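For the sequence shown, the tail end lands on 291 under our numbering, and the numbers increase by one without skipping.
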Amino acid sequence: MNGAQIRLGQLFDRESGRSFIAAFDHGLTLGPKPGSESVLDGLQRIVAGGPDGILISPGTMKIGGHLFAVQGAPVPIVRADWIYNGEVYPGLPALLQDPRQGEHYEVICSPEDALAMGAGAITMFLIVGTAEGATFSRNARQVAASIQEARRVGIPVIVESVLWGARIEDKRDPELLAFGARVAAEFGADAIKTTYTGDPESMRQVVQGCPVPVLVLGGVRSSDPMVVLEATRAALDAGARGVVYGRNVWQADDPVMMCGQLREVIHSPVTVPA
Numbered sequence: 018m019n020g021a022q023i024r025l026g027q028l029f030d031r032e033s034g035r036s037f038i039a040a041f042d043h044g045l046t047l048g049p050k051p052g053s054e055s056v057l058d059g060l061q062r063i064v065a066g067g068p069d070g071i072l073i074s075p076g077t078m079k080i081g082g083h084l085f086a087v088q089g090a091p092v093p094i095v096r097a098d099w100i101y102n103g104e105v106y107p108g109l110p111a112l113l114q115d116p117r118q119g120e121h122y123e124v125i126c127s128p129e130d131a132l133a134m135g136a137g138a139i140t141m142f143l144i145v146g147t148a149e150g151a152t153f154s155r156n157a158r159q160v161a162a163s164i165q166e167a168r169r170v171g172i173p174v175i176v177e178s179v180l181w182g183a184r185i186e187d188k189r190d191p192e193l194l195a196f197g198a199r200v201a202a203e204f205g206a207d208a209i210k211t212t213y214t215g216d217p218e219s220m221r222q223v224v225q226g227c228p229v230p231v232l233v234l235g236g237v238r239s240s241d242p243m244v245v246l247e248a249t250r251a252a253l254d255a256g257a258r259g260v261v262y263g264r265n266v267w268q269a270d271d272p273v274m275m276c277g278q279l280r281e282v283i284h285s286p287v288t289v290p291a
């Protein structure tokens with residue numbers, strides 16, 4: 018067993034074998050939003066909720082790293098890249114919501130730097146369906162290179178494979194989600210973060226076609242917590258190994274309570290079809 022495998026294992030509960038990760042890296046692409054205006058206060062509320070891991074930016078790791086320096090704290094996961102697409106992020110100021118500005122992808126943190134910060138893992142995007150094939154090629158090349166570097170320094174890589182390209186009409190297309198997840202796994206990703214298809218049967222196809230753990234993302238905030246909890250149960254029933262939820266956690270009326278409800282769902286037994 019190598020360092021990356023050991024660190025990845027620390028994200029998954031010993032009993033359930035699943036993981037609840039809270040995402041608080043939205044400031045990189047959306048700026049300050051309700052619930053995240055104060056970086057440290059927002060991070061403290063999430064830590065108090067007791068997720069297994071928290072996805073944050075390098076800057077947030079710099080500001081709030083001390084919150085992880087205690088026994089039993091969540092595992093910090095650093096976002097190692099940045100994307101821009103006015104169509105993907107409707108929460109951007111109106112001036113920036115212009116698809117003519119194109120799609121952009123940049124690596125902002127190396128695996129070695131993330132490890133030096135104290136991160137237990139890094140996360141990177143793989144954006145399927147970009148308008149320009151060259152953009153996807155560059156994205157893929159940089160993700161693959163970072164995975165190789167991460168292997169050398171012993172830190173796991175969670176690839177966020179999503180259908181956020183300008184050419185995509187259905188961001189929950191099961192066939193394309195399965196394609197993106199498998200490609201990222203073939204690059205050497207240690208786990209995949211991807212979109213829930215909307216129903217267990219089609220999600221099961223995504224999971225079964227991916228040889229590494231699949232985690233589902235939360236997407237836009239739902240005003241009804243029960244919708245989030247029911248979708249979580251369905252994704253787990255389909256074989257997902259956990260979730261990475263952002264706005265449905267830190268924009269919840271009570272983030273600590275929401276974390277508790279999610280922990281109960283994720284780490285309780287689920288129905289697995291025969």
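Glycine included, C-beta positions come from ideal geometry on N, C-alpha and C.
Since we're looking at a predicted model, the values are computed, not measured.
Contact between the stretch 167-180 and the stretch 124-141 is present: three or more C-beta pairs spanning the two stretches fall below 8 Å. Minimum Cα-Cα distance from TYR122 among the listed residues ARG96, ALA136, GLY48, ALA133 corresponds to ARG96.
Here SER36 carries a strand assignment [DSSP, helix/strand/coil].
Residue TRP99 holds the alpha-carbon nearest to the alpha-carbon of VAL124 among TRP99, VAL145, GLY137, GLY135. Per the coordinates, the alpha-carbon of VAL273 lies some 20 Å from the alpha-carbon of PRO49. Contact between ALA255 and VAL224 holds, since their C-beta atoms are separated by about 6 Å, short of 8 Å.
Contact fails between the stretch 230-240 and the stretch 274-288, because fewer than three Cβ pairs, one in each stretch, are under 8 Å apart.
Per DSSP, the continuous alpha helix (DSSP H) segment holding GLY277 begins and ends at 272-283.
Here the stretch 181-195 makes no contact with the stretch 25-32; the two share fewer than three CB pairs at distances below 8 Å. The bridge partners DSSP lists for ALA138 are ILE94. When secondary structure is reduced to three states using DSSP, SER127 falls in the coil class, being assigned neither helix nor strand. In this structure, the CA atom of LEU279 is about 25 Å from the CA atom of HIS83. The straight-line gap separating the alpha-carbon atoms of MET141 and GLY44 is approximately 15 Å.
Going by DSSP, THR212 is part of no alpha helix (DSSP H) at all; its letter is neither H nor E. Look at GLU247 here: in three-state DSSP terms it is helix. In the displayed model, GLU203 falls within a helix according to three-state DSSP. In summary, ILE172 is buried, with 16 or more beta-carbon neighbours lying within 10 Å of its beta-carbon over all protein chains present.
Beta-bridge partners of GLU54 (DSSP): none assigned. Cβ neighbours of GLY226 within its own chain (closer than 6 Å, five residues either side excluded): ALA195, ARG199. CA-CA distance, VAL92 to GLY26, rounds to 11 Å.
Cα atoms of ILE144 and PRO217: separation of roughly 23 Å, rounded to the nearest angstrom.
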